[in-house]
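Trainee: The structure is given below, and queries will be raised subsequently.
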Amino acid sequence: MGLQDAFAAATKDWDAKKDSANQSDLIPAGTYQVMLDKTDHPVYKSGWDCLRFSMQVIKGKYASRKEQLRISLATKTTKGKPMPDFVVSRNIRTISKIAAMVGLTVTPAMFPDNETDAYEKLVDAFKPYEGKTLEMTITVTPNKKDPDNPYRNYDFGPGIKVEEPAAKEEPVTDKEPAPTVDDDDLPF
């Protein structure tokens with residue numbers, strides 16, 4: 001893509017006077033074939049940390065685009081109140097679903113009571129599965145507190161089955177095998 005094409009893409013439906021320069025085009029709601037690109041445990045300046053999955057779209061119009069899922073295992077809110085059980089449960093189910101789709105078996109030992117230890121155990125467990133494919137479905141729901149930033153919800157299914165090519169069988173012929181030539185047969 002040349003600079004003219006890049007300019008046209010970057011400024012399409014964007015107003016420099018009122019829109020943010022940091023505006024990014026999110027992958028729209030839909031179902032995509034993706035690859036688990038990377039799993040890590042970032043810690044932000046605010047002190048918030050999470051398990052982060054980077055998913056790369058591998059087929060279709062959005063191929064090579066990435067979607068990052070940040071999943072918290074915090075059991076307390078930033079105000080020190082208990083995190084609602086449904087939030088913690090949904091996050092554990094999301095991690096378990098991704099694991100199942102890439103072939104990783106999740107065990108209770110991967111979720112020690114210390115959330116930082118849990119993130120590190122999960123990052124180590126997912127490393128061998130980076131590069132595995134799965135299907136990711138993105139849905140968008142309204143955010144009453146911040147309508148400009150709707151919630152992005154994810155679900156996962158099995159990825160593309162990549163079959164190994166069958167070994168080629170040598171065709172059976174009635175011909176004699178090709179003659180072998182030794183050094184003694186050569187005239188020089």
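Residue numbers (UniProt numbering): 1 to 188.
Think of the CB as a built atom: it goes at the ideal place given N, C-alpha and C, for glycine as much as any other residue.
Could you give the C-beta distance for Val102 and Lys132, rounded to a whole number, given that I count them as a contact under 8 Å?
Mentor: 4 Å
Trainee: Mark Ala99 as exposed unless 16 or more other C-beta atoms lie within 10 angstroms of its C-beta, in which case mark it buried.
Mentor: buried
Trainee: With DSSP collapsed to three states, give me the class of Met55.
Mentor: strand
Trainee: Runs of 3 residues minimum, wholly inside the segment 115-170: which ones carry the beta strand (DSSP E) assignment?
Mentor: 133-141 and 151-158
Trainee: Spatial neighbours of Tyr32 within its chain, please: CB distance less than 6 Å, with the 5 preceding and 5 following residues excluded, ordered by chain position.
Mentor: Val57 and Met136
Trainee: Use the C-beta contact count for Gln4: other C-beta atoms within 10 angstroms, 16 or more gives buried, fewer gives exposed.
Mentor: Under this definition Gln4 is an exposed residue.
Trainee: Return the Cβ separation of Tyr129 and Leu69 in integer angstroms, given the expectation that the two are a contact with Cβ distance under 8 Å.
Mentor: With a Cβ gap of about 15 Å, Tyr129 and Leu69 do not count as contacting.
Trainee: Need the endpoints of the alpha helix (DSSP H) that Lys97 sits in, please.
Mentor: Segment Asp85 to Val102, the alpha helix (DSSP H) holding Lys97.
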